[in-house]
Amino acid sequence: MSSIKVVLRKNKIDKAGLAPLYLRVIKNRKTKFISLSVKLQPNEWDEDKQKVKKNHKSSTRLNAYISRKIADAEGEVADLERRNQSTSARRIKEAIKGKPLINFFEFAYDRCEKLKNTVALSTYRSYKSNIEKFERFIGHRELMFDDITATTLKNYASHCSSTWNNNNTTINYAFRILNLMFREAKSEDLISNELAPFTKFKVKKNKTTKRYLNEEQFEAFINLEVPQQHKAQVIKDMFIFSVFSGGLRFGDVIELQWKHYDSKNHRITKTIRKTKRQHSIKIGQKAVDILEKYKIKNQKQNDIIFPFAKVDDLYFKDREHRSLITNRAISLSNMYLSRIGKELELPFNLSFHISRHTFATRALNNGMRIEHVSKLMDHSDIGITQVYAKIIGSELDNAVDKYIN
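At position 77 of the sequence shown the residue is numbered 77 (the UniProt record's numbering), and the sequence of numbers has no breaks.
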């Protein structure tokens, strides 16, 4: 419960001998004072009756004003406590002062729609699905940013783990999206910078291992025979091509057109789907040899190089259609690659993204400078690339332990 009382703060008497009148709010033994913008002589205030005495010329008007403020404050408190048992004294103060409280879900869903055309469609869907997931946990949409505390996050993390069997990586990603909404709201000065529940509770991160093919495994992959004139062969060629072309992502490889390839200088130049940045890279001879396999008579500059997915005009014009085609192609590619991985007896499930990791580790193992690897992979920050340097360092340590000790 909370209490509201009008007090004359005699410890703040000014030079004219007047003391300010305040609403005092106490909640969970924490006190907040809200100015009523009224000053009185100490002998003009009746503490017991909570009224301005009649010796003040405007006592009737002031008492009506004070009664109205108390009623408004009690109404705000009742409404807040009805919606949230953990309402704080600060929250009550802000509500009484008339500071607008921002509904988290209204803001978050609106922000998702505003971000829809500036992020990948898969990213937009991920944002929205995680907001919906948080709403399922809360059970309603009457949630203000102020309601989200470290305790809320702790309970949410526990629910995700125990009820939905989410691992820490999944929970951390959900927290990242919630935290993004806090940052967006703060950037628009809609909520206070003091609202920082994510600094008070964090989920321990799982150690992740980046899978890649070592030299022996990659050589076995290259030499493995798969049915010719079959999509298994196409995806195998795409994987090898990616390794020898800076680790190009799957989405960029399936939509690669002949206009992106400068055959004279052996260079690929295209706008990367994920980063929206134009990327230019000189490809290795093995990548060139693979491209030569897919040349046909009377080919046009806009023709797709790798015949793996139905990449047509609609693909480039319609984001929803492109997302559908890409997701289907990813599933199909990983099915074929998983079969290849099992045939090679790899100790992990083979997916197309491993081609990117394979490029990075091979490049660093062969002495390429990390900043060059970062540039070729189109990383926005060299720190992203440094994880591969740690992998190489770990390999070296293992080699020392195995062959020198």
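No residue lacks a Cβ here, since even glycine has one placed at the ideal position from N, Cα and C.
Contact under 8 Å by Cβ, residue i with residue j
i, j, result
"Q50", "V77", "no"
"I13", "Y22", "no"
"F107", "L143", "no"
"F145", "I191", "yes"
"H357", "K231", "no"
"S323", "S122", "yes"
"F182", "L195", "yes"
"A19", "K32", "no"
"C112", "I131", "yes"
"P197", "A120", "no"
"L344", "L180", "no"
"T326", "G251", "yes"
"R277", "D381", "no"
"F308", "I240", "no"
"L213", "I354", "yes"
"I254", "I268", "no"
"I330", "L256", "no"
"L36", "H56", "no"
"residue 406", "N43", "Given that the chain is displayed from residue 1 to residue 405, the structure contains no residue 406 and the question cannot be resolved."
"K259", "N302", "yes"
"S161", "I171", "yes"
"A185", "I272", "no"
"K286", "F244", "yes"
"F134", "Y109", "no"
"H321", "L332", "no"
"L350", "I281", "no"
"N168", "K204", "yes"
Residue i classed as buried or exposed, judged by whether at least 16 other C-beta atoms fall within 10 angstroms
i, result
"L364", "buried"
"G367", "exposed"
"N17", "A small correction: the amino acid at residue 17 is Gly; Asn does not occupy that position in the sequence shown. It is exposed - the Cβ of G17 has fewer than 16 other Cβ atoms within 10 Å."
"D401", "Residue placement at D401 cannot be trusted, given a pLDDT of 42 that sits under 50; what the coordinates show is reported in the next sentence. The residue is exposed, with fewer than 16 neighbouring Cβ atoms inside 10 Å."
"F218", "buried"
"M335", "exposed"
"K15", "exposed"
"residue 479", "A query on residue 479 cannot be resolved here, the shown segment of the chain reaching from 1 to 405 and no further."
"I404", "With a pLDDT of only 46 at I404, under the threshold of 50, the placement of this residue in the model should not be trusted, and no figure is reported."
"D397", "At D397 the pLDDT is 45, less than 50, meaning the model places this residue with poor confidence and gives no usable figure here."
"R362", "buried"
"S3", "exposed"
"Y261", "buried"
"residue 474", "In the structure displayed, the chain extends from 1 to 405; residue 474 sits before or after that span and is not available."
"A399", "At A399, the pLDDT of 41 sits below 50, so the modelled position is not reliable; the number obtained from the coordinates is stated separately. The residue in question, A399, is exposed, as its Cβ has fewer than 16 Cβ neighbours within 10 Å."
"D237", "buried"
"W164", "exposed"
"T199", "exposed"
"G341", "buried"
"F306", "buried"
"A73", "buried"
"K202", "exposed"
Unbroken beta strand (DSSP E) run spanning residue i, endpoints
i, result
"E279", "Looking at the sequence shown, residue 279 is not Glu but His. Where H279 is concerned, the enclosing beta strand (DSSP E) stretches over 278-282."
"V226", "No beta strand (DSSP E) contains V226, which DSSP labels as neither H nor E."
"I268", "267-271"
Limits of the alpha helix (DSSP H) - the one that residue i falls within
i, result
"F107", "104-115"
"V8", "Looking at the sequence itself, residue 8 is Leu, so the reference to Val does not match. Taken as a continuous stretch (DSSP letters only), L8 belongs to no alpha helix (DSSP H), being part of the beta strand (DSSP E) at 2-8."
"T152", "150-162"
"R319", "319-343"
"L291", "285-293"
"S355", "354-365"
"V243", "231-243"
"R125", "121-138"
"K375", "370-376"
DSSP bridge partner residues for residue i (one or two, in chain order)
i, result
"M144", "N103"
"W45", "V52"
"P20", "K39"
"V25", "I4, K32"
"Y261", "I268"
"I304", "Q257"
Every unbroken beta strand (DSSP E) inside the segment 167-223 [3 residues or more]: none
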